[in-house]
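What follows is a set of notes on a single structure, which appears directly below.
Protein chains: 2
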Amino acid sequence: MKTDTALAALAALSHPTRLEAFRLLVQHEPEGLSTGQLVDASGLTQSTFSTHLAVLAKAGLVKSEKRGRQFIQRAEIDALKGLMLFLAKDCCQGRPELCEPLLAELACC
Amino acid sequence: MKTDTALAALAALSHPTRLEAFRLLVQHEPEGLSTGQLVDASGLTQSTFSTHLAVLAKAGLVKSEKRGRQFIQRAEIDALKGLMLFLAKDCCQGRPELCEPLLAELACC
DNA sequence: ACTATGTATCGTATTTTTCCGATGAGTCTT
DNA sequence: AAGACTCATCGGAAAAATACGATACATAGT
């Protein structure tokens, strides 16, 4: 994952509304949720949430698929994976010993 | 890791200057780097970089230790670990099967 | 065709972030 | 004690993010 991509993903997830939406979408993999359901869950205006969604989409964290007259939003697990790998490489590259405890904790889930 | 902590960490890392500084500090674990060295590497003004550093510190990603008249900055690997666990739990909790490929890739480092 | 529905986009006001120079508070050297 | 050094913080300007209502556009149902 390129640095710019990681930066966009970090920025996208650094907002409460967007992080919550993304987590919600991850929980609803692989069926996804319609934009309207996400708007309802957010408690925000439709237009405001739409711009948030656009940020997530631009960062590659969410993909939408048109179904009828609504859009089904789905979390891009691969993008999350890519972001985590990017972060992990910060400590793993050159310093593998720093990451072993991390991997041990991750293995628990 | 609490959601607010994760949000602060994500926001802190979502800026090019701060991400680069953090990666630099991780590479220099456990000796750390002085604030001045980080300023030089950033190419920014001392004051501007200082505010960036404060963001990283507030998010718990960097700890500083006074040594003589300079401050030695060190990356808080545990905070990074916590953030990665936070992100991992998004997909692992309830959906362990989504994380297995992630763990496989992480194991490579 | 007409109307209702679901969502994106535009325009804009408010807030927040980001950047800088200047200043201030410690610390070392002489 | 004086001067040089390291870094944080303040004040303010410029840029970006965030929120909203209004509008536009496509699709579904009648």
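If you're matching them up, the sequences are chains R and P in order. For the first sequence, the residue numbers in this note's numbering are 10 to 118. For the second sequence, the residue numbers in this note's numbering are 10 to 118. Idealized CB from N, CA, C, for every residue including glycine.
Contact list for residue i against chain P, beta-carbon separation under 8 Å
i: residue 114(R); result: 90, 94
Selected residue, minimal CA-CA separation from residue i, among the options
i: residue 45(P); options: 56(P), 39(P), 36(P), 35(P); result: 56(P)
i: residue 18(P); options: 14(R), 28(R), 106(R); result: 28(R)
i: residue 24(R); options: 39(R), 36(R), 51(R), 37(R); result: 51(R)
i: residue 85(P); options: 106(P), 67(P), 26(P); result: 67(P)
i: residue 80(P); options: 113(P), 94(P), 112(P), 40(P); result: 40(P)
i: residue 36(R); options: 26(P), 14(P), 47(P), 105(P); result: 105(P)
i: residue 6(R); options: 13(P), 108(P), 21(P), 75(P); result: Since the first residue of chain R shown is 10 and the last is 118, residue 6(R) is not available in this structure.
i: residue 38(P); options: 10(P), 60(P), 87(P); result: 87(P)
i: residue 114(P); options: 100(R), 93(R), 110(R); result: 93(R)
i: residue 73(P); options: 99(P), 42(P), 58(P); result: 42(P)
i: residue 83(R); options: 71(R), 98(R), 100(R); result: 71(R)
Interface partners of residue i on chain R, CB under 7 Å
i: residue 23(P); result: 16, 19, 20, 23
Residue i: CB within 7 Å of a non-hydrogen atom of the ligand FAD
i: residue 35(P); result: Inclusion of the ligand FAD in the displayed structure is not the case, the ligand content being empty and no account of it being possible.
Residue interval of the beta strand (DSSP E) (run including residue i)
i: residue 68(R); result: From DSSP, residue 68(R) is part of no beta strand (DSSP E); its letter is neither H nor E.
Counterpart residues of residue i in DSSP-defined beta bridges
i: residue 84(P); result: 71(P)
i: residue 43(P); result: 81(P)
i: residue 76(P); result: 79(P)
Where residue i falls, given that 16 or more other Cβ within 10 Å makes a residue buried
i: residue 78(P); result: exposed
i: residue 90(R); result: buried
i: residue 32(P); result: buried
i: residue 54(P); result: exposed
i: residue 49(P); result: exposed
i: residue 63(P); result: exposed
Opening and closing residue of the alpha helix (DSSP H) in which residue i lies
i: residue 54(P); result: Per DSSP, residue 54(P) belongs to no alpha helix (DSSP H) and is neither H nor E.
i: residue 38(R); result: Taken as a continuous stretch (DSSP letters only), residue 38(R) belongs to no alpha helix (DSSP H), as it is neither H nor E.
Chain-ordered chain R contacts of residue i [CB-CB under 8 Å]
i: residue 28(P); result: 12, 15, 16, 19
i: residue 32(P); result: 99
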